[in-house]
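Engineer: Residue numbers (the working numbering): 66 to 222. Here it is, the structure, as structure tokens.
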Ligand code: SF4
């Protein structure tokens, strides 16, 4: 009987250029990940309650006015802007030239864990592809492989 050793995650191996394991990320507040083509930001019951409380309405009202059904599940709504389909909470006014989350402290898990999603971490190629859209990828502080894996496990996207 033969056994195969567990695969080492690609992001746990030393980078060919830097020699470092792990990945770098630092948000530049460009807003790209909160806009673009139609998408979804999934919200669970606890997140609905927190967001509703934050903006001062009931969870039922929040569900009716700020969420919609998508093929992936219940999502925040979007607003059409010259930049694309912005998340309903994306604020492009507060800091000129920047796009910031208007509910940052209560943002959903999907947003908290970007860009360490399963779908982006399948390979270095996919990660580098995402860096074309997100200028914060491969910049800033390095996240160690354990922390990346912890964040990746939070949401199934
Ligand atoms: S795309 Fe990247 S840099 Fe831009 S707002 Fe999103 S996380 Fe920040």
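All C-beta atoms, glycine included, are put in the ideal place defined by N, C-alpha and C. In this text the structure is predicted, and so the values were computed from the model without any measurement.
Measure from the alpha carbon of residue 87 to the alpha carbon of each residue in 215, 221, 219, then state which is nearest.
Structural biologist: The residue labelled residue 87 in the question sits at position 22 within the chain shown. Per the Cα distances, 215.
Engineer: With 16 as the cutoff for other CB atoms within 10 Å, does residue 164 come out buried or exposed?
Structural biologist: By one-based count along the chain shown, residue 164 stands at place 99. Residue 164 should be labelled buried.
Engineer: If we require 3 or more residues per run, which beta strand (DSSP E) segments fall completely within the region 99 to 167?
Structural biologist: Counting only runs of 3 or more, we get 132 to 135, 138 to 141, 143 to 146, 149 to 152.
Engineer: Check whether the region 165 to 182 touches the region 146 to 157, taking contact to mean three or more Cβ pairs, one atom from each stretch, closer than 8 Å.
Structural biologist: They touch, by the three-pair rule.
Engineer: Taking any heavy atom of the ligand SF4 as the mark, which residues have a C-beta closer than 7 Å to it, listed down the chain?
Structural biologist: Per the Cβ criterion, the list is 92, 93, 94, 95, 96, 97, 98, 99, 164, 179, 180, 198, 199, 200, 201, 202.
Engineer: Using the C-alpha atoms, what's the distance from residue 109 back to residue 38?
Structural biologist: This structure cannot speak to residue 38, because the chain is shown only from 66 to 222.
Engineer: Candidates 140, 93, 81: which alpha carbon is nearest residue 196's?
Structural biologist: Here residue 196 corresponds to residue number 131 of the chain shown, with the count starting at 1. Nearest option by C-alpha distance: 93.
Engineer: How many Å lie between residue 220 and residue 182 at the Cα?
Structural biologist: Here residue 220 refers to the residue found at position 155 when the chain shown is read from its first residue. Here residue 182 refers to the residue found at position 117 when the chain shown is read from its first residue. Residue 220 and residue 182: Cα-Cα distance of roughly 7 Å.
Engineer: How is residue 76 classed by DSSP in three states: helix, strand or coil?
Structural biologist: Taking the chain shown and counting its residues from 1, the one referred to as residue 76 is at position 11. Three-state DSSP puts residue 76 in a helix.
Engineer: Could you check what DSSP says for residue 213 in three-state terms: helix, strand or coil?
Structural biologist: Position 148 of the chain shown, counted from the first residue, corresponds to residue 213. In the structure shown, residue 213 sits in a helix (DSSP, three-state: H, G or I).
Engineer: Mind checking who residue 191 pairs with in its DSSP beta bridge?
Structural biologist: Residue numbering aside, residue 191 sits at position 126 when the chain shown is read from its first letter. BP columns for residue 191 are empty, so no partner.
Engineer: Which partner residues does residue 197 have in the DSSP bridge list?
Structural biologist: In the chain shown, counting from the first residue as 1, residue 197 sits at position 132. Note: residue 197 sits in no beta bridge, so no partner.
Engineer: Which of the three DSSP states, helix, strand or coil, is assigned to residue 204?
Structural biologist: Mapped onto the chain shown, residue 204 falls at position 139. DSSP places residue 204 in strand when its eight states are reduced to three.
Engineer: If you reduce the DSSP assignment to three classes, tell me which class residue 172 lands in.
Structural biologist: As a working note, residue 172 is residue 107 in the chain shown. In this structure, residue 172 counts as coil in the three-state DSSP scheme.
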